[in-house]
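Protein chains: 2
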Amino acid sequence: MADPSTCPPLTPSSIHSAYHKIKRYIHRTPLQTSTSLDAIASSPDPTVYLSDSPPSVAPKFRLWFKCENFQKIGAFKARGAFHAVTRLVEELGLEEVRRRGVVTHSSGNHAQALALAAHTFSIPSYIVMPTISTASKIAGTRLYTPNVIFSGSTSQEREAVVADVIRDKGAILVPPYDHPDIILGQGTAGLEMEEQFREASGTGTDANASGAATAPAPALDAVIAPLGGGGLLGGTATYFSDKPGTLVFGAEPSFQGGDDGRRGLLTGKRVEHVKTLTIADGLRTPVGITNWSIISDKRKVEGLYAVTEDEIKMAMRLVYERMKVVVEPSGCVGLAVVLFNAEFREMVVQKQKQGKEDVWDVGIVFSGGNTTMKALSKLFADDDVQGGEPEVAKEREEGTVAMDGTRDVEDVAG
Amino acid sequence: MADPSTCPPLTPSSIHSAYHKIKRYIHRTPLQTSTSLDAIASSPDPTVYLSDSPPSVAPKFRLWFKCENFQKIGAFKARGAFHAVTRLVEELGLEEVRRRGVVTHSSGNHAQALALAAHTFSIPSYIVMPTISTASKIAGTRLYTPNVIFSGSTSQEREAVVADVIRDKGAILVPPYDHPDIILGQGTAGLEMEEQFREASGTGTDANASGAATAPAPALDAVIAPLGGGGLLGGTATYFSDKPGTLVFGAEPSFQGGDDGRRGLLTGKRVEHVKTLTIADGLRTPVGITNWSIISDKRKVEGLYAVTEDEIKMAMRLVYERMKVVVEPSGCVGLAVVLFNAEFREMVVQKQKQGKEDVWDVGIVFSGGNTTMKALSKLFADDDVQGGEPEVAKEREEGTVAMDGTRDVEDVAG
Chain A
1 MADPSTCPPL TPSSIHSAYH KIKRYIHRTP LQTSTSLDAI ASSPDPTVYL
51 SDSPPSVAPK FRLWFKCENF QKIGAFKARG AFHAVTRLVE ELGLEEVRRR
101 GVVTHSSGNH AQALALAAHT FSIPSYIVMP TISTASKIAG TRLYTPNVIF
151 SGSTSQEREA VVADVIRDKG AILVPPYDHP DIILGQGTAG LEMEEQFREA
201 SGTGTDANAS GAATAPAPAL DAVIAPLGGG GLLGGTATYF SDKPGTLVFG
251 AEPSFQGGDD GRRGLLTGKR VEHVKTLTIA DGLRTPVGIT NWSIISDKRK
301 VEGLYAVTED EIKMAMRLVY ERMKVVVEPS GCVGLAVVLF NAEFREMVVQ
351 KQKQGKEDVW DVGIVFSGGN TTMKALSKLF ADDDVQGGEP EVAKEREEGT
401 VAMDGTRDVE DVAG
Chain B
1 MADPSTCPPL TPSSIHSAYH KIKRYIHRTP LQTSTSLDAI ASSPDPTVYL
51 SDSPPSVAPK FRLWFKCENF QKIGAFKARG AFHAVTRLVE ELGLEEVRRR
101 GVVTHSSGNH AQALALAAHT FSIPSYIVMP TISTASKIAG TRLYTPNVIF
151 SGSTSQEREA VVADVIRDKG AILVPPYDHP DIILGQGTAG LEMEEQFREA
201 SGTGTDANAS GAATAPAPAL DAVIAPLGGG GLLGGTATYF SDKPGTLVFG
251 AEPSFQGGDD GRRGLLTGKR VEHVKTLTIA DGLRTPVGIT NWSIISDKRK
301 VEGLYAVTED EIKMAMRLVY ERMKVVVEPS GCVGLAVVLF NAEFREMVVQ
351 KQKQGKEDVW DVGIVFSGGN TTMKALSKLF ADDDVQGGEP EVAKEREEGT
401 VAMDGTRDVE DVAG
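Protein chains in written order, with UniProt numbering: chain A, 1 to 414; chain B, 1 to 414.
So, in structure tokens, the structure goes:
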């Protein structure tokens, strides 16, 4: 990995530079909206949003979904991997990086993202995977690299194999999240999100768009991203760090202590070990060290909120049935917080009472879409979420989603 | 319903007029692409697209997915319903239509589409639904109309109740597919598809786009739409009827004789009764009379092809896992034909051998996305589609989908 001491600083302008480097290799994923999810999120109790319960106070939202589920390899991880690789090439020269290759241990999205990024530059990549990895993930990684190397499944065993590869091949380690280059790469999702929000609000940064005098650019009131290792949230918070009008929040699963970030903030100390089998499998890792330095900085991250497994599943169901898009469980935690976390919702109500914004524009990062029909089917098999609510409400479907990033067309009374 | 004798003729220019009328009420749904589905479709045997079997002849495709699953009420039906209602208003005057109201019998997407369209113009709508309809569908329809009227479940019983409503209220019948206004409305999906294909190919119809001399506009080589009652396929075929460069095909489920259109073509006679429980539940109806006059016209529809339940499910799984979008089974039959129907694929191979086009640009209509997690989970529960293929291939994911209608960014070798 590029020497952290020579890395660009963790600032918004470094994210602009990162974006310039990786732009041609990644998708500019769409920023979508959903009338029905706005209505549900803005109702007093989203769990029973069609009930006849008396109206009570509710926060008001316009939600903007950044669809990294449509990103290359199906997740935001492509951003960090391409940035890390382009930075290595810049620092060491292409020939040197090609000679040595890159290495990581992962059986998830980072493995594939790194293998793809390396493959793009004809750089060999060595991916250390536990022997117990599923055949499909091994085969998937092999599409971009012939060098899948097996190890035991504990971190010590995996790290020992990585150390061997580094010693034998001189390969350069590209860690999944705990490195400035990765964080800056992931932060480009925040940059694009803001850019697209402005375009949709009619004040794109494109100077050609209007010759009129420049009004203050509209800002997202809040952004919420999933928190696992902290690359995505750390990068997003870094990008918005000089934009006090946009509050940045993190979302975690609470199952079996998966909310290590939130717990760390309570004690003022990073939680180093996490062992959870939450369905949000991309968020099972503890927050990284560099990432923690950003996330624990109150000026950068306004707060962390956690949700239950059932809340994640309920959010996921709404995303499928209303927006008709496939998002993996880890990608749904941000929306789950907005819909179901009472503390978060109360906080927004209070801020809306005080502030001038009646309705908050909230950017939610759908971090990835890598799941299978088999996994989905299993996840919802013994579910009998009845009471009519979700299914009844589904039928309300009407202004599903405007794919061009603009607001949905509303019904127009004749 | 507007008197068929005063309806606009079934021509492309009537579809342009229809589009002009309904444009403000519907979504311009995106036209998406997928590098990985192109690769799968263009491989010799898409059922084992990662096998090491020796290469054989395969058709070559670039696929363009028209995402009506993102349409209002989650299906293309909104187009026909809005067109039928605006035509009624035009012909009888808004006050008259408001006084009388509109009526239909359906428990599916047409019921909701008509209720929404009527509601938009403050026109009362009466929706006759069988008492055995699921609670969620009844509740969904009730969001747009208080007038849900119950009947028995046979067609005779339902039609008797409709007749009562017409007699008592003077309400105007809006049938689900067998009417020119409905057909013309659904045809706007074809119009948009062509428009978006041209935009993506860099030669939009927008005169501002280029001042250069006009080259011949690029054309889709083929378009394939699901065939149930025939509104969508009939409208699409009508739209392309003056464009011989674009062949129009229909796709049907073969289960329990669901391929009534194909069987009708073989005998030269419309099949009047169909009783199938295919998972493609939107395609269980026989082709309508007006629709048949279009579909059986060889100058308008080049051919009809049928697929099995397993082929529909396999296509559906690919759409979810690769494109990350939710499409209902009925919406996946077109893709299933392209991937798995040997007769269709051989036909394309032969035409490609003869013609000048090496790769066909094929527009596929994803007709709707109205399914539930519960239904999905049930559909794939006892599935153990192993052999590695679909799951292994899934991981190939790389250039999932370009949402702006342009081609995906391909890997760029360094």
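Yeah, the Cβ is synthetic: ideal placement off N, Cα and C, and Gly gets one too.
Check, Outcome
"Own chain, CB closer than 8 Å to residue 155 of chain B, minus 5 neighbours either side, in chain order", "none"
"Chain-ordered residues of the stretch 325 to 347 of chain B with a beta carbon less than 7 Å from chain A", "325 and 326"
"Environment of residue 95 of chain A [buried if 16+ CB atoms lie within 10 Å]", "exposed"
"Rounded C-alpha distance that separates residue 51 of chain B from residue 122 of chain A", "Unreliable placement is indicated for residue 51 of chain B, whose pLDDT of 44 sits below 50; the coordinate value is still reported in the next sentence. Computed Cα separation, rounded: 25 Å."
"Short-range partners of chain A found in the stretch 65 to 83 of chain B, where Cβ spacing is below 8 Å", "67, 69, 70, 71, 72, 73 and 74"
"Straight-line Cα distance separating residue 233 of chain B from residue 291 of chain B", "8 Å"
"Within 8 Å, strictly: CB atoms of residue 253 of chain B and residue 260 of chain B", "no"
"CB contact check: residue 90 of chain B to chain A, cutoff 8 Å", "no"
"Proximity of residue 147 of chain B and residue 370 of chain B at Cβ, strictly below 8 Å", "no"
"Chain-order list of residues whose beta-carbon lies under 6 Å from that of residue 237 of chain B (same chain, five-residue window excluded)", "248, 294, 300 and 301"
"Backbone CA spacing between residue 53 of chain B and residue 38 of chain B [nearest angstrom]", "Only weak support is given to the placement of residue 53 of chain B: the predicted model assigns it a pLDDT of 48, under 50, and the question is left unresolved by the model."
"Simplified DSSP assignment, three categories, for residue 272 of chain A", "coil"
"Buried versus exposed call for residue 210 of chain B [16 or more other C-beta atoms within 10 Å across all chains shown]", "A caution first: residue 210 of chain B carries a pLDDT of 48, below 50, which makes its placement in the model too unreliable to give a value."
"Short CB-CB distance (under 8 Å) between residue 373 of chain A and chain B", "yes"
"Short CB-CB distance (under 8 Å) between residue 317 of chain B and chain A", "yes"
"Cβ pair residue 41 of chain A, residue 339 of chain A closer than 8 Å", "yes"
"Reduced DSSP secondary structure (H/G/I, E/B, other) of residue 32 of chain A", "strand"
"Three-way DSSP call (helix, strand, coil) for residue 253 of chain B in this model", "strand"
"Same chain only: Cβ atoms within 7 Å of residue 7 of chain A, ignoring 5 sequence neighbours per side", "180 and 181"
"Residue 170 of chain A, DSSP secondary structure in three states", "coil"
"Any chain A beta carbon closer than 8 Å to residue 63 of chain B", "no"
"Buried versus exposed, by CB contacts within 10 Å (16 or more), residue 221 of chain A", "buried"
"Proximity to residue 32 of chain B [Cα-Cα], best of B:245, B:362 and B:379", "B:362"
"Interface flag, residue 220 of chain A vs chain D, CB-CB below 8 Å", "Included in the structure are the protein chains A and B, with no chain D among them."
"Separation of residue 35 of chain A from residue 63 of chain A, as counted between CA atoms", "9 Å"
"One or two residues paired with residue 100 of chain A in a DSSP bridge", "Answer is none; residue 100 of chain A lacks a bridge partner."
"Within 9 Å of chain B by C-beta, residues of the stretch 174 to 190 of chain A in sequence order", "none"
"Delimiting residues of the alpha helix (DSSP H) encompassing residue 378 of chain A", "373 to 379"
"Cβ-Cβ separation, residue 364 of chain B to residue 66 of chain B (assumed contact under 8 Å), whole Å", "7 Å"
"Spatial distance of residue 332 of chain A from residue 323 of chain A (CA atoms)", "12 Å"
"Sequence-distant residues of its chain with Cβ nearer than 8 Å to residue 273 of chain A (five each side left out)", "286"
"Endpoints, the beta strand (DSSP E) within which residue 224 of chain B is located", "222 to 226"
"Rounded straight-line distance, which links the Cα of residue 105 of chain A to that of residue 28 of chain B", "44 Å"
"Straight-line gap, residue 279 of chain A to residue 329 of chain A (C-alpha atoms, nearest Å)", "6 Å"
"Where residue 341 of chain B falls: helix, strand or coil (DSSP)", "coil"
"Where the stretch 127 to 138 of chain A meets chain B: residues whose CB sits under 9 Å from a CB there", "134, 135, 136, 137 and 138"
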